[in-house]
Amino acid sequence: MDAPTMNFSPSAAARVAAIAAKQGRPAILRLSVEGGGCSGFQYRFGLADAPEPDDLIVEQGGASLVVDPVSLDLVAGSVVDYVESLGGAAFKVENPNAASGCGCGSSFAI
């Protein structure tokens, strides 16, 4: 069986690096999945000080994306991107495992 993977877009990595630089923190974005949201699961993003020993680590342009093993089961194969539109700017997860999602893109169902 292949090891689970994630993709971290250059625009997401650049945004993480910019936020981390302003806050004087390492450029490490943690993606986790929690129960809740309007579709059953919701994505949570936050800066991390360091990866945990069992995290998947994806590096891109001097920044890192880290995902814990439990969350990785739900988001394996996803792309984490940063998008700017008239409605605002946000990190976005393109999750091939999601059977459905909400209109705002912050929650999903399997």
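Numbering-wise (our numbering), the sequence shown opens with residue 25 and increments by one. The C-beta atom is built at its ideal place from N, Cα and C for all residues, glycine as well. Since this is a predicted model, take the numbers as computed values, not measurements.
Excluding five sequence neighbours on each side, which residues of the same chain lie with their C-beta closer than 6 Å to the C-beta of residue i?
i     : result
Ala87 : Ala37, Val40, Ala41, Ala51
Arg68 : Ser56, Glu58
Which residue marks the beginning of the beta strand (DSSP E) containing residue i, and which one marks its end?
i      : result
Ser33  : Ser33 -> no beta strand (DSSP E), and no H or E assigned at all.
Gly111 : Where Gly111 is concerned, there is no enclosing beta strand (DSSP E), given that its DSSP letter is neither H nor E.
Report the residue from the options whose alpha carbon sits nearest the alpha carbon of residue i.
i      : options                        : result
Leu55  : Leu110, Pro120, Gly111, Asp105 : Asp105
Ser35  : Gly48, Asp78, Ala44, Glu108    : Glu108
Leu53  : Ile81, Gly70, Gly64, Phe32     : Gly70
Met30  : Gly64, Ala113, Leu110, Leu98   : Leu98
Ala45  : Val82, Ala72, Glu118, Val103   : Ala72
Ala122 : Gln66, Leu110, Ile81           : Gln66
Asn119 : Val57, Leu110, Gly112, Gln47   : Val57
What is the residue span of the alpha helix (DSSP H) that residue i lies within?
i     : result
Leu98 : 93-99
Measure the beta-carbon distance from residue i to residue j and round it to whole angstroms, keeping in mind my assumption that it falls under 8 Å.
i      : j      : result
Val91  : Asp79  : 6 Å
Val117 : Ser102 : 5 Å
Residues in its own chain within less than 7 Å of residue i by CB, not counting five upstream and five downstream?
i      : result
Glu76  : Asp92
Ala114 : Val107
For residue i, which residues from the same chain have a beta carbon less than 8 Å from its beta carbon, with the 5 sequence-adjacent residues on both sides left out?
i     : result
Ala74 : Pro50, Ile52
Gln84 : Phe32, Ser33, Pro34, Ala36, Ala37
Gln47 : Leu71
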